[in-house]
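For reference, the structure is listed below as structure tokens.
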Ligand code: PA5
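Numbering (my numbering), first residue to last: 904 to 1350.
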């Protein structure tokens, strides 16, 4: 069984243990709201029991579609943004060989992403990269109307139809969207694409364990059953009847809440494993969109150590004391690389002879933690045994559950994102979208 543990003892100088424990009733009450539906945004609580409600036949169906796409395309382009992109990207990065693209025999089918930006050069280069390869696409949008993926899909769809004809294209396009609403649903139904539904009660940033994340991951050859199993284990560990004392998600939520009350305004998610960089990107969306509203919320930032110790390390050690760190620690590396003894020892590293690089990394992690704590940066540790599908599934659900509790503790609706609309309105106005003429004029005068 996968294992995840939490330690908060290195926040004690800032938050004494009794103060943390005193938050138990609040955390339990917020946790209970996720189950009784009495909190804000209660029509978006489908993620809470999602892992345990996934049926085996659903996973089989996703696996069949993935195999079908793999069999007809060398490259599958996954189109989506925000919650319709980051989960799949994060898990894929975490579970892939860092140098897969250089291997003669790749360990995974090639999945590329589009629609997560509006960069013309990115799109041009993507089209160039796949011009001599067979392609298929998975287009993901819950609303079915988000501009970035819609723009990318228009271009990729045209390319697929040009190459394979309308009928061929219908075999190579899979849409993941709302059951009934949105332009993507209308188009998919009209063109006869295979579709998957994003449940109404699961918001984008909580949707990694729906087909939004599972289909692209299955296409990439990730063991989605193990991913779901890990999430199911964490669902049990943080379930309805699990009280604060045994609930790691409630304890994490309490620690970050207490630190926020003490004036820490930024949470830095740190890891010493570069493969977890996109897990941090996913986490930033999860917490940033869920909590950053009503002029409240911790600002979620991230670093990858030891790389960023040579860039952000100075600020973290001695800059403004605005933040605390949450380290996602990995107990065991998958592979063994040992430093050898060198007769000449010109690099003076013989004191490391016989040691694994992982041990050096571990000492860097422990040394950094103590240095940062000494520098006034409280430290929370979330440890997983290893980076595999089960542990990543566990970690994802852990952060989701903690986020739900945390959002309620902050007394915001953790499941909406009204602030995301502001830029969209301006963009449409500046692009002369019908209906936005007056706003367009007003904005142009300000530029
Ligand atoms: O969490 C969210 O709701 C957002 O990040 C959305 O996932 C993102 O805006 C993409 O939306 P959609 O899936 O509707 O295209």
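Using N, Cα and C, we set each Cβ at its ideal position, and we do this for glycine too.
Give a single yes or no on whether residue i has its beta carbon closer than 6 angstroms to a heavy atom of the ligand PA5.
| i | result |
| --- | --- |
| residue 985 | yes |
| residue 1044 | yes |
| residue 1108 | yes |
| residue 1049 | yes |
Given residue i, which residues of its chain have a CB within under 7 angstroms of its CB, disregarding the five upstream and five downstream residues?
| i | result |
| --- | --- |
| residue 1292 | 998, 1125, 1126, 1129, 1130, 1133 |
| residue 1194 | 1200, 1201, 1309, 1310, 1313, 1315, 1317 |
| residue 1348 | none |
| residue 1256 | 1242, 1243, 1244 |
| residue 968 | 1077, 1097, 1118 |
| residue 1102 | 949, 1113 |
DSSP state of residue i, grouped into three classes?
| i | result |
| --- | --- |
| residue 1319 | coil |
| residue 955 | helix |
| residue 1245 | coil |
| residue 1097 | strand |
| residue 999 | coil |
| residue 1174 | strand |
| residue 913 | strand |
| residue 1287 | strand |
| residue 1264 | helix |
| residue 1208 | coil |
| residue 1050 | helix |
| residue 1017 | strand |
| residue 1114 | helix |
| residue 918 | coil |
| residue 1203 | strand |
| residue 1342 | helix |
| residue 1131 | helix |
| residue 1224 | coil |
| residue 1039 | strand |
| residue 1214 | coil |
| residue 1089 | helix |
| residue 1008 | coil |
| residue 925 | coil |
| residue 1271 | helix |
| residue 941 | coil |
| residue 860 | Because the chain in this structure spans residues 904 to 1350, residue 860 falls outside the shown range and cannot be described. |
| residue 1044 | strand |
Using the C-alpha atoms, what's the distance from residue j back to residue i?
| i | j | result |
| --- | --- | --- |
| residue 1259 | residue 1233 | 15 angstroms |
| residue 1153 | residue 923 | 11 angstroms |
| residue 1073 | residue 1090 | 11 angstroms |
| residue 1100 | residue 1115 | 9 angstroms |
| residue 1065 | residue 1034 | 12 angstroms |
| residue 1334 | residue 983 | 21 angstroms |
| residue 1020 | residue 1119 | 18 angstroms |
| residue 963 | residue 1055 | 29 angstroms |
| residue 1145 | residue 1305 | 13 angstroms |
| residue 1148 | residue 912 | 14 angstroms |
| residue 1161 | residue 1264 | 30 angstroms |
| residue 985 | residue 1108 | 7 angstroms |
| residue 1017 | residue 1096 | 19 angstroms |
| residue 1329 | residue 1022 | 18 angstroms |
| residue 952 | residue 1111 | 13 angstroms |
| residue 1036 | residue 1087 | 26 angstroms |
| residue 1045 | residue 1254 | 55 angstroms |
| residue 1122 | residue 1141 | 30 angstroms |
| residue 1210 | residue 1078 | 38 angstroms |
| residue 1218 | residue 1166 | 18 angstroms |
| residue 1051 | residue 1092 | 21 angstroms |
| residue 915 | residue 1156 | 15 angstroms |
| residue 1047 | residue 1059 | 16 angstroms |
| residue 918 | residue 1222 | 21 angstroms |
| residue 1172 | residue 1070 | 46 angstroms |
| residue 1301 | residue 1345 | 45 angstroms |
| residue 1276 | residue 1267 | 14 angstroms |
| residue 1025 | residue 1032 | 10 angstroms |
| residue 1068 | residue 1075 | 10 angstroms |
| residue 1192 | residue 1284 | 23 angstroms |
| residue 1190 | residue 1163 | 13 angstroms |
| residue 1008 | residue 979 | 17 angstroms |
Between which residues of its own chain and residue i is the CB-CB distance below 6 angstroms, once the five residues before and five after are set aside?
| i | result |
| --- | --- |
| residue 1182 | 993, 997 |
| residue 908 | 1286 |
| residue 1117 | 965, 1127 |
| residue 933 | 1308, 1311, 1312 |
| residue 976 | 1037, 1038, 1039 |
Comparing the C-beta of residue i with each C-beta of chain C, is any distance below 7 angstroms?
| i | result |
| --- | --- |
| residue 926 | The structure shown has no chain C; it contains just one protein chain. |
For residue i, which residues from the same chain have a beta carbon less than 8 angstroms from its beta carbon, with the 5 sequence-adjacent residues on both sides left out?
| i | result |
| --- | --- |
| residue 1235 | 1261, 1288, 1289 |
| residue 940 | 948 |
Is there at least one non-hydrogen atom of the ligand GTP closer than 6 angstroms to the beta-carbon of residue i?
| i | result |
| --- | --- |
| residue 1297 | Among the ligands modelled here, namely the ligand PA5, the ligand GTP does not occur. |
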